[in-house]
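Residue numbers (our numbering): -13 to 509.
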């Protein structure tokens, strides 16, 4: 669709409730970011080791605060907003009573507690015989509903609805407990291939303590969820009756807003969790028994490889080792990352032999539960700055492994790279990504790629564009380009193939031995 600069602007409100902030963003029908407000949020609180929880009402209050801040800081009036869409963090689950009130804090996606497997009887014996016993056991242990049913039976008995954060916030906005299939991910009775809840007769329901009647009604991305209620209008300032259109999870929306729907383009998300995604209409499991997630467009799938503690590691480094830079950044009114980038820009590619494996937390399939992080190659020349650069390089190596895994699994060559998320604001991270992947890396035209993905869904749902493909062609554009440096490409290729790809295999027996001796992490 050719852009008509004389067309009357249509304004779309995208709300992006991520792990570390909630953002209210206004885009026009061409994907131009018009205004935004950002409210930081506390990702979680923890009452016990490995627990991560947050109050549902806290998320709602911060969402409302972001919207109110938006109206105060921009010239666009709420009456000019044509529609609203929501993107949220994935697999943050709430228990609601019959009045749709939270019974306990939400269990946040970073939570690592494990439940007790249900007694599956004959089904358990069959899964063991066919070699899927451990996989079934893992699914049961990681399903939060099973933990709740076992350890908090009183709460579970009162749980009329067991929902994602997205469904809870949608209900707060529309007074209707409905969700987008694009938000459903995690250990839930969801049929990823059909993009719907499992049939009531599906035997896999026996793996979970939840019931179909506890699940919200699902609609596809780009379909209307409802309209803004009077109560939500009072809290957020959005006009009552404004249509709310289904979007998808933050990662799915980020892939849509960065790379569109072309299967030869990968979206690298440099967020709290770092991921690489391609999108296509083919259902393909990139890692064995790991589903292809529902994309932010109906009948499309995201082929994803995840680094669980991705650019969270930058926050970890700042908190543990960059107190001086944090204080200096405060006095100068800039981000700490700018000072850290300045400190590492002259460190050569390969970090003078220091290499990092970013397994600070175990993965879903790779690494295993015994996985631990490692830094190898230290010498007396290395400083804190070298450690920081090694973290960035290590994350890029691991995402390159994901790139190779996706290409092998799908049988399709990836020709283009788009890089989004907080870490993509670093020019150093962008350059070393281009060098490690050996191909040009582009930022999307807006840093708010997840919000743009939600706005694309809004545009489709309002009929501004006939389908998601047309909308992405009109609303997604290229931003800054980073070209690979030939000498760096050669050096990184050797480090990746000759060292990085061998690190986990060589260290895994030692990780297992550490776990046996210390009991950590608990398996």
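Built from N, CA and C at the ideal position, the CB exists for glycine as well.
No experiment lies behind these values; they were computed from the predicted model shown.
Count the other CB atoms within 10 Å of the CB of residue 251; is the residue buried (16 or more) or exposed (fewer)? With 16 or more other Cβ atoms within 10 Å, it is buried.
Find out if the Cβ-Cβ distance for the pair residue 88, residue 39 is shorter than 7 Å. Contact flag unset, no.
Should residue 236 and residue 457 be called a contact, given that it needs their Cβ atoms to be closer than 7 Å? Against a cut-off of 7 Å, the Cβ pair of residue 457 and residue 236 comes out as no contact.
Output the distance between the C-alpha atoms of residue 155 and residue 83, rounded to the nearest integer angstrom. C-alpha separation (whole angstroms): 15 Å.
Nearest to residue 268 by alpha carbon, out of 280, 261 and 50? When only C-alpha atoms are compared, the closest one is 280.
Which of helix, strand or coil does DSSP assign to residue 338? Looking at residue 338 - three-state DSSP - the assignment turns out to be helix.
If the criterion is Cβ atoms closer than 7 Å, does the pair residue 343 and residue 360 meet it? In this structure, residue 343 lies near residue 360, with their beta-carbon atoms less than 7 Å apart.
Let me check one thing: in DSSP terms, what residues is residue 96 bridge-paired to? Beta-bridge pairing links residue 96 to no other residue.
Please report the straight-line C-alpha distance between residue 49 and residue 160, rounded to a whole angstrom. When rounded, the distance between both Cα atoms is 14 Å.
Would you list the residues sitting across from residue 301 in a DSSP beta bridge? In the DSSP output, where bridge partners are listed per residue, residue 301 has none listed.
Nearest to residue 33 by CA position, among 41, 498 and 423, is which residue? Selected option, being the one with the closest Cα: 41.
For residue 372, count neighbouring C-beta atoms within 10 Å of its own C-beta (all shown protein chains included) and say buried if the count is 16 or more, exposed if not. Residue 372 is buried by the Cβ-count criterion.
Spatial distance of residue 460 from residue 10 (CA atoms): Spanning the two alpha carbons is a distance of roughly 22 Å.
Between the C-alpha atoms of residue 334 and residue 484, what's the straight-line distance to the nearest angstrom? Taking the straight line from one Cα to the other gives about 19 Å.
Counting only the same chain and skipping the five closest in sequence on each side, list residues whose C-beta sits under 8 Å from that of residue 141. Same-chain partners within the cutoff: 81, 89, 90 and 134.
Kindly indicate which three-state DSSP category residue 239 falls into: helix, strand or coil? Helix.
Whole-Å CB distance - residue 254 paired with residue 403, under 8 Å assumed: Rounded to whole angstroms, the Cβ separation of residue 254 and residue 403 is 6 Å, and the two are in contact under 8 Å.
Return the residue from the list 495, 340, 153 and 414 that minimises the CA-CA distance to residue 466. Here the closest residue by C-alpha is 414.
Rounded straight-line distance, which links the Cα of residue 15 to that of residue -4: Their backbone Cα atoms lie some 6 Å apart in a straight line.
Residue range of the unbroken alpha helix (DSSP H) whose run includes residue 379: Per DSSP, the unbroken alpha helix (DSSP H) holding residue 379 starts and ends at 370 to 396.
Give me, in chain order, the residues of the same chain whose beta-carbon lies closer than 8 Å to that of residue 504; leave out the 5 immediate sequence neighbours on both sides. Within its own chain, no residue has a Cβ closer than 8 Å to the Cβ of residue 504 once the five positions on either side in sequence are excluded.
Closest to residue 99 by CA distance: which of 19, 308 and 126 is it? Selected option, being the one with the closest Cα: 126.
Limits of the unbroken alpha helix (DSSP H) element including residue 309: According to the DSSP assignment, residue 309 belongs to the alpha helix (DSSP H) that extends over 309 to 318.
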